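*Asks:* Read top to bottom, the protein sequences are chains L and A. Residue 821, in this note's numbering, is where the first sequence stops; the numbers in between run on with no holes. Residue 821, in this note's numbering, is where the second sequence stops; the numbers in between run on with no holes. We treat Cβ as the ideally placed atom computed from N, Cα and C, and that holds for glycine. Just so you know, these numbers come straight off a predicted model, no measurement behind them. Can you keep this structure in mind? I'll have questions shortly.
There are 2 protein chains.
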Amino acid sequence: MTFIDKLAAAWTANHSLLCVGLDPDTAKFPAQLRDRPDAIFAFCKAIIDATADAACAFKPQIAYFAALRAEDQLEAICDYLRKTYPAIPVVLDAKRGDIGATAEQYAREAFERYGADAVTVNPYMGFDSVAPYLEWKDRGVIVLCRTSNPGGSDLQFLSADGKPVYQHVAQLVAEKWNTSGQCGLVVGATFPNELAQVRRIVGDMPLLVPGVGAQGGDVEATVKAGRTASGAGMMINSSRAILYAKPDAQAGEDFAAAARRVAMETRDAINAFRF
Amino acid sequence: MTFIDKLAAAWTANHSLLCVGLDPDTAKFPAQLRDRPDAIFAFCKAIIDATADAACAFKPQIAYFAALRAEDQLEAICDYLRKTYPAIPVVLDAKRGDIGATAEQYAREAFERYGADAVTVNPYMGFDSVAPYLEWKDRGVIVLCRTSNPGGSDLQFLSADGKPVYQHVAQLVAEKWNTSGQCGLVVGATFPNELAQVRRIVGDMPLLVPGVGAQGGDVEATVKAGRTASGAGMMINSSRAILYAKPDAQAGEDFAAAARRVAMETRDAINAFRF
């Protein structure tokens with residue numbers, strides 16, 4: 547089954563557009579986990595088990611593992627996800643971008659080593675830096691387009707031939723790079739008008755939409771701007787607001803229960819505006 | 547000592563602008579190394595020992611290690627370089643690019659875990675995706691500008707406000723991002739005219755110039771286009787032509803001796819046009 551089909555099935559089965567981002571910051575872990583050698587795995591596993599029925603995808607952020615020499619724990623998490631929740635796609639957030647021979651290695655990292663269903667990539671180096679990922683025909687390739695951070699405008703909003711660079715990216719991917727239907731785009735929730743522009747350019751292509759939750763994107767505006775005619779088409783990502791919900795936890799909740807509550811609330815808030 | 551100072555000292559001490567790229571492709575290793583569990587380390591160590599007096603920098607490409615679960619061997623290589631050749635800077639070729647909180651993790655990966663003197667980064671997400679690296683005041687941050695691959699033109703050559711995107715990147719880095727003198731740029735050798743344009747924009751900023759050697763860039767045109775008034779200012783990278791010189795080896799040469807000969811030849815070819 548391809549990434550796109552798996553994602554579409556998860557949207558339906560879990561009635562959810564919520565992507566749970568796994569950005570494990572050990573400084574924010576509950577005290578009982580912090581000293582375990584497998585603290586990152588244990589934390590992520592608890593979050594996964596608590597939120598899997600509310601999610602359409604999980605998105606581990608590789609930087610958090612790389613900084614701590616914890617690639618083995620990322621492997622274990624991907625393995626756990628594949629075996630325990632095979633119907634939920636795993637998007638490895640790596641944002642790689644390099645020339646062809648090197649991109650082949652990064653594709654092996656994402657798809658062979660971690661077994662991810664999809665990977666995020668950077669478009670700055672152009673098509674031949676993306677093509678090696680597309681050789682993995684059942685996997686997804688999600689290209690950065692319009693990002694949710696303040697500096698995103700530095701290059702993405704430069705105007706070339708009457709339209710901003712991010713729209714050129716959307717058009718390149720939709721018209722040239724997506725020959726086999728494997729592509730998606732990253733478009734931040736902090737710019738609903740631009741999300742709507744991208745949706746017009748790319749038809750039903752799946753969009754990974756970070757920026758809801760801790761980054762402050764508005765759920766209603768995001769969903770209305772990015773939804774497809776069938777009320778889907780997006781993985782709306784929330785990481786920190788779910789992972790570290792515990793400081794605002796209700797009485798009796800541990801971190802996983804708090805994460806579950808916030809995930810369910812976010813899923814429901816999204817669903818309220820899908821149709 | 548800062549990265550920039552260390553690089554300038556290495557230019558002088560080794561009378562070289564050659565950066566030796568470490569892209570260890572195990573399929574191309576000599577037979578006697580291939581089955582060793584530390585094959586990657588052993589191969590890179592032999593290349594390093596054979597070329598260190600001809601190089602101004604070493605540039606390990608992290609993708610080759612990540613694909614093979616060999617981060618431990620990359621750590622060992624960086625450690626070996628730091629202890630054995632402390633005067634030669636190590637540029638970790640990672641081309642990371644992500645929002646601030648994640649970029650902090652990638653900076654730790656490059657500078658703390660691997661102890662690199664500098665790291666390559668991608669500008670697509672803008673200044674706040676680069677700023678966390680600049681917090682490491684003695685390290686260098688080398689921003690992708692104009693890349694040597696065919697697809698490089700897809701975005702980098704879009705014209706915005708009368709000039710191509712890659713020149714916007716050069717100008718942003720020179721005028722805004724480089725507040726503490728830590729920045730460099732990646733500019734491919736396959737486009738000497740554009741290299742000259744970038745040199746005019748950025749003054750004496752160091753340029754990492756891939757594309758000489760296997761990628762076919764012309765050494766004379768590259769050096770004349772990119773040199774500073776003092777005949778330096780560049781790390782001209784060659785990877786495959788040096789690492790895998792053996793198939794064209796002269797009688798009696800092993801892979802390391804062949805690598806040394808090609809490195810010396812490349813250094814000398816560069817030096818012929820520096821002044």
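Along the chain, where does the alpha helix (DSSP H) containing Met810(A) start, and where does it finish?
*Replies:* Indexing the second sequence from 1 puts residue 810(A) at position 264. Residues 801-817.
*Asks:* Which chain L residues sit within Cβ distance under 8 Å of Pro669(A)?
*Replies:* Reading the second sequence from its first residue, position 123 is the one you call residue 669(A). Here the neighbours are Tyr670, Asp700, Leu701.
*Asks:* Comparing the C-beta of Val711(L) with each C-beta of chain A, is any distance below 8 Å?
*Replies:* Residue 711(L) sits at position 165 when you count from the first residue of the first sequence. For Val711(L), a Cβ of chain A is located within less than 8 Å of the residue's own Cβ.
*Asks:* So, Asp597(A) versus Ala585(A), is the Cβ gap smaller than 8 Å?
*Replies:* For the purposes of this step, residue 597(A) is taken as residue 51 along the second sequence, with counting starting at 1. For the purposes of this step, residue 585(A) is taken as residue 39 along the second sequence, with counting starting at 1. Looking at the sequence shown, residue 597(A) is not Asp but Thr. It is not a contact, given that the beta carbons lie outside the stated cut-off.
*Asks:* Kindly indicate which three-state DSSP category Ser699(A) falls into: helix, strand or coil?
*Replies:* Taking the second sequence and counting its residues from 1, one reaches residue 699(A) at position 153. Residue state, collapsed to three classes: helix.
*Asks:* Consider the Cβ of Lys574(L): report whether some Cβ of chain A lies at a distance smaller than 8 Å.
*Replies:* Within the first sequence, the letter at position 28 stands for residue 574(L). So, not an interface residue.
*Asks:* Taking 8 Å as the CB-CB limit, is Phe657(A) close to chain L?
*Replies:* To locate residue 657(A), count along the second sequence from 1; it is residue 111. No, its Cβ sits nowhere closer than 8 Å to a Cβ of chain L.
*Asks:* For Gly757(L), name the three-state secondary structure that DSSP assigns.
*Replies:* Start at 1 with the first residue of the first sequence, and residue 757(L) comes out as number 211. Reduced to three states, the DSSP call for Gly757(L) is coil.
*Asks:* Where do the N-terminal and C-terminal ends of the beta strand (DSSP E) with Leu638(A) fall, by residue?
*Replies:* As a first step, residue 638(A) must be located in the second sequence, where it is residue number 92. Run containing Leu638(A): 637-642, per the beta strand (DSSP E) assignment.
*Asks:* Taking a Cβ distance cut-off of 7 Å, strictly less, list which residues of the stretch 609-625 of chain A are near chain L, in chain order.
*Replies:* Within the stretch 609-625 of chain A, the qualifying residues are Ala609, Tyr610, Ala612, Ala613, Arg615, Glu617.
*Asks:* For the 8 Å Cβ check, are there 3 or more pairs between the stretch 739-757 of chain L and the stretch 793-803 of chain L?
*Replies:* no
*Asks:* Can you tell which of Lys683(L), Pro752(L), Phe657(L), Ala662(L) has the C-alpha that lies nearest to the C-alpha of Leu690(L)?
*Replies:* As a position in the first sequence, residue 690(L) is number 144, starting the count at 1. Checking every option, the nearest Cα to that of Leu690(L) belongs to Pro752(L).
*Asks:* What residue from Val665(A), Pro756(A), Gln702(A) has the CA that sits closest to Cys624(A)'s CA?
*Replies:* Locating residue 624(A) in the second sequence gives position 78, where the first residue counts as 1. It is Val665(A).
*Asks:* Among all the DSSP beta bridges, which residues are the ones paired with Gln607(A)?
*Replies:* Residue mapping note: residue 607(A) aligns to position 61 of the second sequence, counting from 1. DSSP, once it has assigned bridges, lists Asp639(A) as partnering Gln607(A).
*Asks:* By DSSP's criteria, Val711(L) is part of a beta bridge. Which residues make up the other side?
*Replies:* Translated into positions along the first sequence, residue 711(L) becomes position 165. According to DSSP, Val711(L) bridges with nothing at all.
*Asks:* Counting only Cβ pairs nearer than 7 Å, list the residues of chain A close to Pro696(L).
*Replies:* On the first sequence, position 150 is the one that residue 696(L) refers to. Going along chain A in sequence order, the residues near Pro696(L) (Cβ under 7 Å) are Asp674.
*Asks:* If the criterion is Cβ atoms closer than 8 Å, does the pair Gly734(L) and Gly698(L) meet it?
*Replies:* Stepping through the first sequence from its first residue, residue 734(L) is reached at position 188. Stepping through the first sequence from its first residue, residue 698(L) is reached at position 152. In this structure, Gly698(L) lies closer than 8 Å to Gly734(L) by Cβ.
*Asks:* Could you round the C-beta distance between Val744(L) and Ala716(L) to whole angstroms and report it? I think they count as a contact, below 8 Å.
*Replies:* The count along the first sequence starts at 1 and reaches residue 744(L) at position 198. The count along the first sequence starts at 1 and reaches residue 716(L) at position 170. Indeed, because the Cβ distance is near 5 Å, the residues count as touching under 8 Å.
*Asks:* Within 8 Å (strictly less), CB to CB, does Ser726(L) reach chain A?
*Replies:* Translated into positions along the first sequence, residue 726(L) becomes position 180. Not closer than 8 Å to any Cβ of chain A, the Cβ of Ser726(L) fails to qualify, so no.
*Asks:* Please confirm if Arg807(L) has its CB atom under 8 Å from at least one CB of chain A.
*Replies:* In the first sequence, counting from the first residue as 1, residue 807(L) sits at position 261. Arg807(L) does not count as touching chain A.
*Asks:* Check whether the stretch 704-711 of chain A and the stretch 672-688 of chain A touch, using three or more Cβ-Cβ pairs below 8 Å as the test.
*Replies:* no
*Asks:* Output needed for Asn668(L): all residues of its chain with C-beta closer than 7 Å, excluding positions within five of it in sequence on either side, in chain order.
*Replies:* Translated into the one-based positions of the first sequence, residue 668(L) becomes position 122. Counting only Cβ-Cβ distances below 7 Å, and skipping sequence neighbours, we find Lys641, Arg642, Gly643, Leu690.
*Asks:* For Arg793(A), count the other beta carbons within 10 Å of its own beta carbon; 16 or more makes it buried, fewer makes it exposed. Which is it?
*Replies:* Working through the second sequence from its first residue, we reach residue 793(A) at position 247. In the sequence on display, residue 793(A) carries Pro and not Arg. Flag for Pro793(A) reads exposed.
*Asks:* Leaving out five residues on either side along the sequence, give the residues of the same chain with a beta carbon under 6 Å from the beta carbon of Tyr631(L).
*Replies:* Residue 631(L) sits at position 85 when you count from the first residue of the first sequence. The answer, listed in chain order, is Ala598.
*Asks:* Using 10 angstroms around the beta-carbon of Gly763(A), count the other beta-carbons present and answer buried if the total reaches 16, otherwise exposed.
*Replies:* Walking along the second sequence from the start, residue 763(A) turns up at place 217. That one is buried.
*Asks:* Name the chain L residues that come within less than 7 Å of Asp644(A), Cβ to Cβ?
*Replies:* Against the second sequence, residue 644(A) aligns to sequence position 98. Per Cβ cutoff of 7 Å: Ala609, Lys641.
*Asks:* Using DSSP with H/G/I as helix, E/B as strand and the rest coil, what is Ser776(A)?
*Replies:* Walking along the second sequence from the start, residue 776(A) turns up at place 230. Coil at Ser776(A), not helix or strand.
*Asks:* Just to confirm the assignment: which complete beta strand (DSSP E) runs, minimum length 3, are found wholly within the stretch 582-626 of chain L?
*Replies:* Counting whole runs of 3 or more residues, the stretch 582-626 of chain L contains the beta strand (DSSP E) stretches 603-606.
*Asks:* Identify whether Gln706(A) lies in helix, strand or coil by the three-state DSSP scheme.
*Replies:* As a position in the second sequence, residue 706(A) is number 160, starting the count at 1. Strictly speaking, residue 706(A) in this sequence is Ala, with Gln absent from that position. Ala706(A): strand per DSSP, three-state reduction.
*Asks:* By the DSSP assignment, the alpha helix (DSSP H) with Gly646(L) in it spans what residues?
*Replies:* For the purposes of this step, residue 646(L) is taken as residue 100 along the first sequence, with counting starting at 1. First-last of the alpha helix (DSSP H) with Gly646(L): 646-653.
*Asks:* I want to know whether the stretch 778-798 of chain L touches the stretch 613-627 of chain L - three or more CB-CB distances under 8 Å.
*Replies:* Put simply, the stretch 778-798 of chain L does not touch the stretch 613-627 of chain L. Fewer than three CB pairs are less than 8 Å apart.
*Asks:* Hey, Pro678(A) and Ala649(A): beta-carbon distance below 8 Å or not?
*Replies:* Against the second sequence, residue 678(A) aligns to sequence position 132. Against the second sequence, residue 649(A) aligns to sequence position 103. Yes, the Cβ-Cβ distance between Pro678(A) and Ala649(A) is below 8 Å.
*Asks:* Applying the criterion that 16 or more other CB atoms from any shown protein chain within 10 Å of the CB defines a buried residue, is Gly757(L) buried or exposed?
*Replies:* Translated into the one-based positions of the first sequence, residue 757(L) becomes position 211. It is buried - the Cβ of Gly757(L) has at least 16 other Cβ atoms within 10 Å.
*Asks:* The beta strand (DSSP E) with Thr558(L) in it runs from where to where?
*Replies:* Here residue 558(L) corresponds to residue number 12 of the first sequence, with the count starting at 1. Where Thr558(L) is concerned, there is no enclosing beta strand (DSSP E), although the alpha helix (DSSP H) it sits in stretches over 549-559.
*Asks:* Using a threshold of 8 Å, state whether the C-beta atoms of Pro606(L) and Leu638(L) are closer than that.
*Replies:* Against the first sequence, residue 606(L) aligns to sequence position 60. Against the first sequence, residue 638(L) aligns to sequence position 92. Cβ distance < 8 Å, so Pro606(L) and Leu638(L) count as in contact.
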